[in-house]
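Engineer:
Number of protein chains: 2
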Amino acid sequence: MAALNTDLYELTMAAGFFVAGKAEEIATFELSVRRLPANRNFLIAAGLEQAVEYLSGLRFEKDEIDYLRSLSQFSRVPDEFFRYLSGLRFRGDVFAMPEGTPVFPGEPLLIVRGPLIEAQIVETFLLSTIAFQTTIASKAARCVIAAQGRSIVEFGSRRAHSSGAGPLAARAAYLSGCTGTSNAEAGLKYGIPVFGTAAHSWTMAFQTEEQSFRSLQRLLGENTIYLVDTYDTLEGARLAAQLGPPILGVRLDSGDLVTYSRQVRQILDEAGLRTTQIMVTNDLNEARIAHLLSSGAPIDSFGVGTELSTSADAPALSAVYKLVELQAGQSHIYTAKYSDNKATLPGAKQVYRFPDRDVMALQNECSGYSEADPLLRPVLDKGKPVTSYPFLKELRENAMSAIQELPSDLRRIDQACQRRVDLSPQLRSLGDDLRNSRQLVTK
Amino acid sequence: MAALNTDLYELTMAAGFFVAGKAEEIATFELSVRRLPANRNFLIAAGLEQAVEYLSGLRFEKDEIDYLRSLSQFSRVPDEFFRYLSGLRFRGDVFAMPEGTPVFPGEPLLIVRGPLIEAQIVETFLLSTIAFQTTIASKAARCVIAAQGRSIVEFGSRRAHSSGAGPLAARAAYLSGCTGTSNAEAGLKYGIPVFGTAAHSWTMAFQTEEQSFRSLQRLLGENTIYLVDTYDTLEGARLAAQLGPPILGVRLDSGDLVTYSRQVRQILDEAGLRTTQIMVTNDLNEARIAHLLSSGAPIDSFGVGTELSTSADAPALSAVYKLVELQAGQSHIYTAKYSDNKATLPGAKQVYRFPDRDVMALQNECSGYSEADPLLRPVLDKGKPVTSYPFLKELRENAMSAIQELPSDLRRIDQACQRRVDLSPQLRSLGDDLRNSRQLVTK
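Just so you know, the protein sequences line up as chains A and B, in that order.
Going by the working numbering, the first sequence opens with residue 861, and the numbers climb by one from there.
Going by the working numbering, the second sequence opens with residue 861, and the numbers climb by one from there.
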């Protein structure tokens, strides 16, 4: 039912455009983020693969069309529209920043150019899909930076916003450099490494903690990680040390992780288990990870759950999808809105990245920015993929390099820093001209 | 692929329980919320219908089992386990609070009692499904309280955490008293009233605002709501007034909504459009709604998006799923964990609600609470529904009454208030006994 999974007003507008004879006008919409949340110096673009899958499979089922017919909002709409809907497929062009690209406010992550109705009704799905994964990838990048090369595993499926969001959060977190996820479906679907051994219920389901640890070791061998805090962290750690190899590590999930990790390290070391790892979990985020490491806690890896899968400090982005151009027969108009504090810039854009700044220019502008790579690249051509979609692993490597190459001030997690984003003179003057005239007909 | 959509450790534990001969032990798990987020005095239980659907349809597909076989964590697991998985269905009993019930920290929303492996592996899905909808329903209840009888429409699909979360957020918001949603799929799937007329792109797609308004009026008749702020709010409102009936209302989406709503009300009234409604949107939440109304803004309805569909101030709950009992042959043990600040109470529980307090008692306790209704009721019996699932509309009416009947201090949105939740003497002494002995074998 993907096509109906949109805001109703997309569909009333579709009917209105159809009735007004505007179905075949060619619209250009841009998806961008208005402002950065408080604790973000950059975002990491993500979710494009799912957006492309959606656009490629877009269609209305019969029950969806029957439902629309039944609504009072559609009582004046002619039958032709519903026939049109049943044959509707997405035939537009899409340009986008590759997943893993750092992105800044106002810069389009995605541009859709196609028949007005098709380009309009996909707004809601594209916004939720791209904004959600971008939210998570951006949070994950901060956690990865905080961990200074130590491993971060995404553990947040149980706190994700519905079961469907879990694997997608895992995907976005992996894109930004997390080592893997606890979500098994994400492992199968996206090829992400999966981690996890046992919960407190495992310990509690045996008559003694020792029985539970011995059973886990028999099951997992060198993959064994004991969760040691069910009853008493240090007793649990001593038990793990006493059982000896094979063992991969122990996990701490409560209490003062600085003190416990030191004490547990000592217990393991004294038993000769110097390579046995200490993993910690328990409401971690980038600030707590940074604090643990700056306190000298001997931690080898972090499991980050809730804060990562919900981006708890900034769970939503001000992502918008705005009409910037419209072509009707011979007339080509640029469009923008001028609502208080919510004005937009007209015209399809391109973004050029320089070491110290980005420049936004018009897409069709013969710019002087040829020394910089354009960030937006063709993805769909009349609804068909331009190339096969890159592997997630490859996107992840690019993302990690791109984050590494950002100026160090932007990569700070404890201090705000604003990227300079310039407008090309042509884009600026188009915006000014349009504000005076409302809608600018060109050509 | 629902069965694999879980944390890997659920499945390694399943394998371990199988190998240890514990597959047929009967476990009881409780799903509850540890603490309330900062701005919540109560939660509204939601998501049970989707949880029941999941449990009823639980099964592993061949590709999911093949995937598990391929993982190093399963290299020592015998073939019998994978055969067992392919035949696994959920045959447990479920007790739950009906959707729409106000719930407080520590109180089980859901109890699962069934074969250990089945009851264990459903943890992740149940947590994400119930915690997410409960999060949204709880936020929605606050918005509805703030609106003092005015209508709230859920508009947040575009900011929901993935496209799948949008309809579920709409469902949870409706449960708590919202009037409807913008999400068309939620309308079809859950029978929720749907709303929405046009976006800024509608206005921008016509040569003039007037053309766009006239086309909308022709399309929607008495359902017409003009979005008036694309270029200039007051000009837009004057245009709407000038076009006259049929008109349902105007929507304001930017700027100072107190001032604009007053000015627009005057424009409409002077044109004789006294019944024409004013709807407002623009990053609303319960505090802003309360502020608008206390400022005397003449607003008839509110569209709430991001803050509602992500519960932006509290996007996650500390929801947990804990083993409380385990029955193996003749031995019946109560279980709990004692991790720092994360201790749990043993034994399956029942919750009794009195006007001024709740009492948590053991489920099997012959309590003296017969004058109060037990909140947890049987939902599944050996995997089969006990009754047909109630209609959402009916659950919504019950939810709205239950919220209305809460003590007025709890219903305040600007002040914290804690519900008294007592433990029965038997529950308290079981907890104390167990803490001393780790695991208490009874019977």
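A virtual CB, placed ideally from N, CA and C, is assigned to each residue, including glycine.
1. Need the endpoints of the alpha helix (DSSP H) that G1047/A sits in, please.
2. Go ahead and pull the three-state DSSP assignment for G1283/A.
3. If contact means a Cβ-Cβ distance below 8 Å, which residues of the region 1018-1029 of chain A contact chain B?
4. Go ahead and label Q910/B buried or exposed: buried means 16 or more other beta carbons lie within 10 angstroms of its beta carbon, across all protein chains shown.
5. DSSP has T888/A in a bridge; who is on the other side?
6. Per DSSP, D867/B is paired with what?
7. What ranges does the alpha helix (DSSP H) occupy inside the region 873-935 of chain A, keeping only unbroken runs of at least 4 residues that lie completely in it?
8. Any beta carbon from chain A within less than 8 Å of P1175/B's own beta carbon?
9. Return the residue from the list P1105/B, S1154/B and V1140/B that minimises the CA-CA distance to G1132/B.
10. I'd like the list of long-range same chain contacts for A1262/B, defined as Cβ closer than 7 Å, with 5 residues on each side in sequence excluded.
11. Please determine, among R1272/A, L1255/A and D867/A, the residue with the shortest C-alpha to C-alpha distance to G907/A.
12. Residues in the same chain with beta-carbon distance under 6 Å from I981/B, minus the five sequence neighbours each way, listed in chain order, please.
13. In this structure, how does DSSP classify S1191/B when only helix, strand and coil are distinguished?
14. Of all the alpha helix (DSSP H) runs that stay within the bounds of the region 1215-1284 of chain B, which reach a length of 4 or more residues?
15. Going by other Cβ atoms of all chains shown within 10 Å of its Cβ, with 16 needed for buried, is R919/B buried or exposed?
16. Under the three-state reduction of DSSP, which class applies to F950/B: helix, strand or coil?
17. What is the DSSP secondary structure of E967/B, counted as helix, strand or coil?
18. Measuring alpha carbon to alpha carbon, tell me which residue in A1032/A, E978/A and A905/A is nearest T1312/A.
19. When you compare only the Cα positions, how much space is there between A1020/B and L1252/B?
20. For the region 877-885 of chain A against the region 1071-1091 of chain B, are there 3 or more C-beta pairs whose distance is under 8 Å?
21. Should A1208/A and R900/A be called a contact, given that it needs their Cβ atoms to be closer than 8 Å?
22. Expressed to the nearest angstrom, what Euclidean distance is found between the alpha-carbon atoms of L868/B and Y914/A?
23. What does the alpha-carbon distance come out to for the pair A862/A and K1197/B?
24. For the beta strand (DSSP E) that contains R1111/B, what are its first and last residues?
25. Measure from the C-beta of L976/B to each C-beta in chain A and report whether the shortest distance is under 8 Å.
26. Mind pulling the alpha helix (DSSP H) runs of 4 or more residues that sit fully within the region 1121-1172 of chain A?
27. What are the uninterrupted segments assigned as beta strand (DSSP E) that are 3 or more residues long and contained completely in the region 1008-1042 of chain B, given in chain order?
28. Rounded to a whole number of angstroms, what is the C-alpha to C-alpha distance between R1217/B and A1001/A?
29. Using a Cβ-Cβ cut-off of 8 Å (strictly less than) and excluding sequence neighbours within five positions of D1233/A, which residues of its own chain qualify?
30. When Cβ atoms are compared, which residues of the region 1253-1282 of chain A fall closer than 9 Å to chain B?
31. Short of 8 Å Cβ to Cβ, which residues in the region 876-888 of chain A face chain B?
32. Is it buried or exposed, G1096/A, if we count other Cβ atoms within 10 angstroms and call 16 or more buried?
33. Less than 8 Å between the C-beta atoms of L891/B and Y1181/B, yes or no?
34. Should C1038/B be labelled buried (16 or more other beta-carbon atoms within 10 Å of its own) or exposed?
35. Could you name the residues of chain A that H1060/B contacts, counting a contact when the two beta carbons are closer than 8 Å?
36. Hey, quick one: how far does the beta strand (DSSP E) through Q1210/A stretch, first residue to last?
Structural biologist: Let me lay it out:
1. A1044 to Y1050
2. Note that residue 1283/A is Leu in the sequence shown here, rather than Gly. The answer is strand: DSSP assigns L1283/A an E or B state.
3. R1018, R1019, A1020, H1021, S1022, S1023, G1024, A1025, G1026, P1027, L1028 and A1029
4. buried
5. R973/A and E1185/A
6. N1043/A
7. 908-917 and 922-930
8. yes
9. P1105/B
10. G960, T961 and P962
11. L1255/A
12. T866, E870 and A874
13. strand
14. 1252-1265
15. exposed
16. coil
17. coil
18. In this structure chain A extends from 861 to 1303, so residue 1312/A is not present and cannot be described.
19. 21 Å
20. yes
21. no
22. 28 Å
23. 43 Å
24. G1109 to L1112
25. yes
26. 1146-1154 and 1166-1169
27. 1011-1014
28. 45 Å
29. Y1212 and R1213
30. none
31. G876, F877, V879, A880, K882, E885 and A887
32. buried
33. yes
34. buried
35. K1182, L1183, K1197 and S1199
36. K1209 to R1213
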